Amino acid sequence: MSGFDLYWQYRKGEKTLRELSHLYRIHSSVLSHQFRQRDDRMLRMYGPKWFLEILRLAMPEDYDIVCEHVTEHNLTRVQTLAELGCTVSTYYQEKRKDPVKFLRKKVSQKRQLSTRPTRQLSQQPIL
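Just add 200 to wherever you are in the sequence shown, counting from 1, and you've got our numbering.
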């Protein structure tokens with residue numbers, strides 16, 4: 201099995217670092233370091249498109265939310281990520297650099313904002 205397959209098993213949540221470590225006899229800290237290096241390399245090469253790939257393959261529900269936002273606001277997917285605060289610079293400002301947790305946090309903030317009940321016209325106070 202290739203390192204790329206191990207990476208996606210971990211990112212999709214199919215296996216934990218400990219399980220992968222046990223199966224392939226590679227220490228979990230080595231795997232974690234390799235996965236962080238892969239993320240850094242891919243972010244340098246592809247920028248926010250790498251976030252889209254992670255969303256598409258590892259987080260399909262969140263990817264659907266991004267796609268809905270794209271159609272609602274007539275934006276590109278990269279513009280939508282920027283609007284949600286999922287930029288490479290904000291990712292690198294995080295203390296613990298895990299793209300899945302970062303994306304999940306940003307998209308869930310969007311989900312919370314979009315599910316807030318809005319006041320109907322009749323409920324608004326009259327000035």
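Glycine included, every Cβ here is placed at the ideal spot set by N, Cα and C.
Please read all numbers here as calculations on a predicted model, not as lab measurements.
Secondary structure of L275 (DSSP, three-state): coil. Taking all protein chains shown into account, K301 has fewer than 16 neighbouring C-beta atoms within 10 Å of its C-beta and is therefore exposed. Under the three-state reduction of DSSP, S202 is assigned to coil, being neither helix nor strand. At a Cβ-Cβ threshold of 9 Å, V278 and K310 do not count as neighbours.
When secondary structure is reduced to three states using DSSP, T216 falls in the coil class, being assigned neither helix nor strand.
Comparing alpha-carbon positions, the option among Y292, V266, Y246 lying closest to V307 turns out to be V266.
With contacts defined by Cβ atoms closer than 9 Å, E283 and H269 form a contacting pair. The three-state reading of DSSP puts H233 in helix, counting H, G and I together. Annotation for T290: the continuous alpha helix (DSSP H) segment containing it runs 288-293. Residue state for R238 is assigned as helix, using DSSP reduced to three classes.
Excluding its 5 nearest sequence neighbours in each direction, L243 has C-beta neighbours in its own chain below 6 Å: W250, V288, listed in chain order.
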